[in-house]
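**Q** Quick note on numbering: our numbering labels position 199 of the first sequence as 187, and the sequence is numbered without any gaps.
All C-beta atoms, glycine included, are put in the ideal place defined by N, C-alpha and C.
Quick caveat: nothing in here was measured; it's all calculated off a predicted structure.
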Amino acid sequence: MLKTDFYEQPTNELAKALLGKELVRWVDKVELVGRVVEVEAYHQDGDEAAHSFNGKTQRNGVMFLSPGHLYVYLSYGMHCCMNVVAEPEGIGAAVLIRALEPLKGLEYMAAVRSKAKHPRDYANGPGKACQAFAISRRDNGLKLETKSLFLRDAPLKRTDIILQSPRIGISKAIHLPWRYYLAGNPHVSASKWNASGSVIA
DNA sequence: ACTGCGATGTCCT
DNA sequence: GGACATCGCAGTT
-11 MLKTDFYEQP TNELAKALLG KELVRWVDKV ELVGRVVEVE AYHQDGDEAA
39 HSFNGKTQRN GVMFLSPGHL YVYLSYGMHC CMNVVAEPEG IGAAVLIRAL
89 EPLKGLEYMA AVRSKAKHPR DYANGPGKAC QAFAISRRDN GLKLETKSLF
139 LRDAPLKRTD IILQSPRIGI SKAIHLPWRY YLAGNPHVSA SKWNASGSVI
189 A
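#1: Which word fits residue 209, buried or exposed, when buried means at least 16 other C-beta atoms lie within 10 angstroms of its C-beta?
#2: Quick one: give me the first and last residue of the alpha helix (DSSP H) that residue -6 is part of.
#3: Mind reading off the beta-carbon distance from residue 23 to residue 142? Whole number of angstroms is fine, and I expect it under 8 Å.
#4: Return helix, strand or coil for residue 131, following the three-state DSSP convention.
#5: Is the stretch 86 to 106 close to the stretch 12 to 27, with three or more CB pairs under 8 Å?
#6: When you compare the stretch 37 to 47 with the stretch 96 to 104, are there three or more beta-carbon pairs, one atom per stretch, that lie closer than 8 Å?
#7: Assuming contact is defined by CB atoms lying nearer than 7 Å, are residue 29 and residue 5 in contact in what I supplied?
#8: Cβ atoms of residue 83 and residue 25: under 7 Å apart, would you say?
#9: Measuring only the C-alpha atoms, how far is residue 177 from residue 157?
#10: Quick one: grab the DSSP three-state call for residue 4.
#11: Looking only at its own chain, which residues have a Cβ that is under 6 Å from the Cβ of residue 0, when we skip the five neighbours before and after it?
#12: Between residue 69 and residue 59, what straight-line distance do the alpha-carbon atoms span, to the nearest angstrom?
#13: In whole angstroms, what is the alpha-carbon distance linking residue -10 and residue 42?
#14: At the level of alpha carbons, what is the spacing between residue 140 and residue 108?
#15: Quick one: grab the DSSP three-state call for residue 126.
#16: So, is residue 75 buried or exposed, given that buried needs 16 or more other C-beta atoms within 10 angstroms?
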């Protein structure tokens, strides 16, 4: 289980480090496991797209807790998005988990993501990932060191290449290339954007 | 495969 | 009252 020292690093570093890690979720005595394949970094300082840009509010308070907390918010009135708090306590930065590659618990996900025709559609988007892994606003503020919800270390595959691109679905600060994802992975969201990224070291 | 658009709750001005 | 870190459906190529 990854601990606070892993999460307490600069937001972009944490974003990249999260790729390939495994999210473990227990729900109804079923184990769900997903590999992180797409993330976006949201900073506090100078990032107009971040919820924390204008400081701490009732909604974004969790972003200012210590690193490794889970920030869950409601998007467009009907979908949840999950973020991992980065940086030291009090900064207000987080990494959005945009897509997961389902590894375990596929039957459960097929049930809760009944609209999905193919496993690739279970968690290839921030709202879908929350649905598939049964993450809701009840989980807002949890620390990712809970028996039923945590991240586990896992190595990138030898062939994995990290790409970066502008973030998706926002209207502010669209020039900042703070989306990171695994090249060619079929579980990444919005596949039409996948070719637009550039390779990073 | 790609495009446009409606649903819908909460936050903040 | 406007904006929103989305999704899924309908219609078109």
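**A** Checking against the coordinates, here is how it stands:
#1: Nothing in the structure corresponds to residue 209, since the chain is present only between -11 and 189.
#2: Taking the first residue of the first sequence as 1, we reach residue -6 at position 6. Its alpha helix (DSSP H) spans residues -8 to -5.
#3: As a first step, residue 23 is located in the first sequence; it is residue number 35 there, counting from the start. As a first step, residue 142 is located in the first sequence; it is residue number 154 there, counting from the start. Residue 23 to residue 142, Cβ: 7 Å. Contact.
#4: Position 143 of the first sequence, counted from the start, is the residue given in the question as residue 131. Three-state DSSP puts residue 131 in a strand.
#5: Pairwise C-beta distances place the stretch 86 to 106 in contact with the stretch 12 to 27, as three or more of them are shorter than 8 Å.
#6: Taking a cut-off of 8 Å on C-beta distances, the stretch 37 to 47 does not touch the stretch 96 to 104, as fewer than three cross pairs fall below it.
#7: Here residue 29 refers to the residue found at position 41 when the first sequence is read from its first residue. Here residue 5 refers to the residue found at position 17 when the first sequence is read from its first residue. Contact flag unset, no.
#8: Taking the first sequence and counting its residues from 1, the one referred to as residue 25 is at position 37. Taking the first sequence and counting its residues from 1, the one referred to as residue 83 is at position 95. Contact flag unset, no.
#9: For the purposes of this step, residue 177 is taken as residue 189 along the first sequence, with counting starting at 1. For the purposes of this step, residue 157 is taken as residue 169 along the first sequence, with counting starting at 1. Distance between the alpha carbons of residue 177 and residue 157: 11 Å.
#10: Residue 4 sits at position 16 when you count from the first residue of the first sequence. In the structure shown, residue 4 sits in a helix (DSSP, three-state: H, G or I).
#11: Taking the first sequence and counting its residues from 1, the one referred to as residue 0 is at position 12. Excluding residues within five positions, the ones whose Cβ falls inside 6 Å are 29.
#12: What you label residue 69 is simply residue 81 of the first sequence in a count that begins at 1. What you label residue 59 is simply residue 71 of the first sequence in a count that begins at 1. Their Cα atoms are separated by approximately 8 Å.
#13: What you label residue -10 is simply residue 2 of the first sequence in a count that begins at 1. What you label residue 42 is simply residue 54 of the first sequence in a count that begins at 1. Roughly 30 Å separates the two Cα atoms.
#14: On the first sequence, residue 140 is found 152 positions in, with the first residue counted as 1. On the first sequence, residue 108 is found 120 positions in, with the first residue counted as 1. Those two C-alpha atoms are separated by around 21 Å.
#15: Within the first sequence, numbered from 1, the residue matching residue 126 stands at position 138. It is helical.
#16: By 1-based counting over the first sequence, the position of residue 75 is 87. Answer is buried; the Cβ neighbour count reaches 16.
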